[in-house]
Amino acid sequence: MPLTALDPRSALIVIGLQKGIVNGHFIHPIGEIIDRTRALIDVFRAKKLPVVLVNVAGRPPGRTEQGPRSGTSFAEGWTDFLPELDQQPSDIVVTKRSWGAFATTDLEGQLKARGVTQVVVTGVVTSGGVEATARQAYEQRFNVSLALDAMTDVREEAHEYSIRNVFPRVGETGSTKEVISLLERLLEERLLEERLLEERALHHELAFSCVVLLWRHFFDKRHSSFCSRHDGTSLPESLRKTARQRALLFNGQRSLGLL
């Protein structure tokens, strides 16, 4: 099923593209996964949307039948992100020591502080860090999208199981091109909305200016009409006589100290 939508505040989460992991034997060419992920990173950065780079530096405590034990040391540079990702100061960096990027990290808080409501998840491996992060994001009430051609695994059956049985239950799946297309459409809609808001504000400003001008015209016309009627020259003789008498009476009272 193709992707249906991306929220205006979406974030990209890239899992495990670090020097100590990408030399493994994956079922897809890792170079293609890196290239598609970089294409997504470039678009998210261009749209000023958050990019989250996640590396893994260990495992949680607990006995397991497979995988390295907790506390295993790694070679120098093992956790370094690939230079192809071109890490930027604006990127959110998360170091995980569990399957998913949300467990025991502050990723949820960082995303919600930025108003993020949807995440796009990519990286390695599909059935491990990618799936666990998608599950946790869904549980934290984020909308989840997964770019299937920007992830891979070391086992074909594990990769296919996640894609067919898990991902449809926690989010929507699609291709890198579909994600980029939705982002472009989102930008166009945002620009249209901003243009409409600007036009509406201009309309309100012009309407207000017209009201002010009409009021001034009305006031000036009324004031002029009032003055022409009451400057004394246009009044009847009887009213002018009454006015002169009242003026004399007022002046006389004031001279006698009665006022």
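All letters in the sequence shown, in the order written, are residues -11 to 247 by the numbering used here.
We treat Cβ as the ideally placed atom computed from N, Cα and C, and that holds for glycine.
Same chain, Cβ closer than 6 Å to residue i, five either side skipped, listed in chain order
i    : result
G220 : Low confidence applies here, because G220 scores a pLDDT of 49, under 50, leaving its location unreliable; read the following figure in that light. Excluding residues within five positions, none has a Cβ falling inside 6 Å.
Q124 : G88 and F90
K7   : G65 and D68
T110 : V2, T25, A135, A138 and M139
I18  : V10
L174 : L(-6)
Secondary structure of residue i, DSSP reduced to three states
i     : result
E160  : strand
Q124  : helix
T(-8) : coil
G4    : coil
Q98   : helix
N153  : helix
S248  : In the structure as shown, the chain starts at -11 and stops at 247, and residue 248 therefore has no counterpart that could be examined.
T92   : coil
L37   : coil
D30   : helix
G220  : Unreliable positioning characterises G220 in this predicted model, as indicated by a pLDDT of 49, which lies under 50. The coordinate reading is nonetheless provided below. Coil at G220, not helix or strand.
G65   : coil
T105  : coil
S78   : coil
T110  : strand
A189  : helix
E166  : helix
D137  : strand
T83   : strand
V10   : coil
V118  : helix
Among the options, the one whose alpha carbon lies nearest that of residue i
i     : options                   : result
I9    : N153, A91, F69 and E145   : F69
V167  : A138, E144, E193 and I18  : A138
G50   : P77, R85 and Q98          : R85
T(-8) : Q106, T110 and Q128       : Q106
E273  : S163, I22 and I15         : Past the boundaries of the shown model lies residue 273; the chain is included only from -11 to 247, so the question cannot be answered.
R129  : V158, L41, R47 and E193   : V158
G103  : P156, E127, F62 and K36   : K36
R152  : A27, T52 and S115         : S115
K165  : H147, E148, V113 and V108 : V108
D79   : V112, Q98 and S150        : Q98
D23   : A101, A122, P71 and S150  : P71
A101  : R143, R188 and P38        : P38
Close-in-space but distant-in-sequence residues of the same chain around residue i (CB under 7 Å, 5 per side omitted)
i    : result
A267 : No answer is possible for residue 267: it lies beyond the span of the chain, which begins at -11 and ends at 247.
V154 : E119
Y126 : V132, V158 and G159
V81  : L41
A286 : This structure cannot speak to residue 286, because the chain is shown only from -11 to 247.
R188 : none
C-beta contact flag for residue i and residue j at 8 Å
i     : j      : result
L73   : V118   : no
S133  : E160   : yes
A45   : T83    : yes
L(-6) : L171   : yes
G162  : P(-10) : yes
N43   : G12    : no
Residue-chain proximity (residue i, chain C), Cβ-Cβ < 8 Å
i   : result
E72 : This model lacks chain C altogether; it includes just one protein chain.
Closer than 7 Å: residue i CB and nearest the ligand SAM heavy atom
i   : result
A63 : Questions concerning the ligand SAM fall outside what the structure shown contains, since it holds no ligand whatsoever.
Own chain, CB closer than 8 Å to residue i, minus 5 neighbours either side, in chain order
i    : result
Y149 : S115
Q54  : none
R143 : I15 and S115
Q76  : R33 and V39
**Prompt:** Can you find at least 3 beta carbon pairs, one from the stretch 30 to 39 and one from the stretch -10 to 3, that sit closer than 8 Å?
**Reply:** yes
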